[in-house]
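In the working numbering, the protein residues as written are 17 to 167.
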Amino acid sequence: PPSPLRAEAIDLVATTLLGRANRLTRLLMRSGAHELSRTEAGVLATLSEGSRRITELAATEALAQPTVTQLVDKLEGRKLVLRGRSGDDGRVVLVEITELGREQLEELRTEIRANMREALADLPDTELTELAHAAQTLGGLIEKLQPPRDA
């Protein structure tokens with residue numbers, strides 16, 4: 017069993033990290049003039065890594081399959097994604113990001129990075145270093161929790 021101090025640290029991170037990360041994302045997304053919702057941006061970010069089935073998108077984004085279908089319909093109507101058939105199995109429908117979708121996602125990411133840099137610029141060096149280490153640790157945690165991609 018972990019020491020009491022370690023158990024306390026684990027509990028603190030487990031109870032606060034997700035809420036704070038969500039709030040930070042909301043604050044950074046709210047400050048811009050972009051046209052993407054957080055959910056739309058999440059789907060486009062996932063698709064920027066490669067085409068996916070609706071079921072894969074639903075699992076990755078932790079959304080119900082009908083919700084993802086509606087979201088993909090909306091994004092397809094805006095020409096940000098398109099549906100196509102799998103080369104391996106013509107019955108499988110894959111969703112992929114379009115060039116316009118990539119452009120809008122990159123515009124959003126650029127805007128968020130600029131907002132984040134502005135906020136970070138005021139932090140003392142020690143806090144900035146702590147955040148840099150935390151960001152690396154968080155990246156490792158995300159990799160550990162990421163579900164394997166369907167073959």
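All residues carry an ideal CB built from backbone N, CA and C; glycine is no exception.
Asked                                                                                                                                  : Found
Which of helix, strand or coil DSSP assigns to residue 159                                                                             : helix
Identity of the residue in 23, 158, 164 and 73 nearest residue 37 by Cα                                                                : 158
Contacts around residue 101, its chain only, beta-carbon distance under 6 Å, and the 5 residues preceding and following it disregarded : none
Host alpha helix (DSSP H) of residue 35 (start-end)                                                                                    : 20 to 46
Residue(s) in a DSSP beta bridge with residue 113                                                                                      : 97
Exposure label - residue 68; buried when at least 16 CB within 10 Å                                                                    : buried
Supposed close pair residue 55, residue 163 - CB separation, criterion 8 Å                                                             : With a Cβ gap of about 18 Å, residue 55 and residue 163 do not count as contacting.
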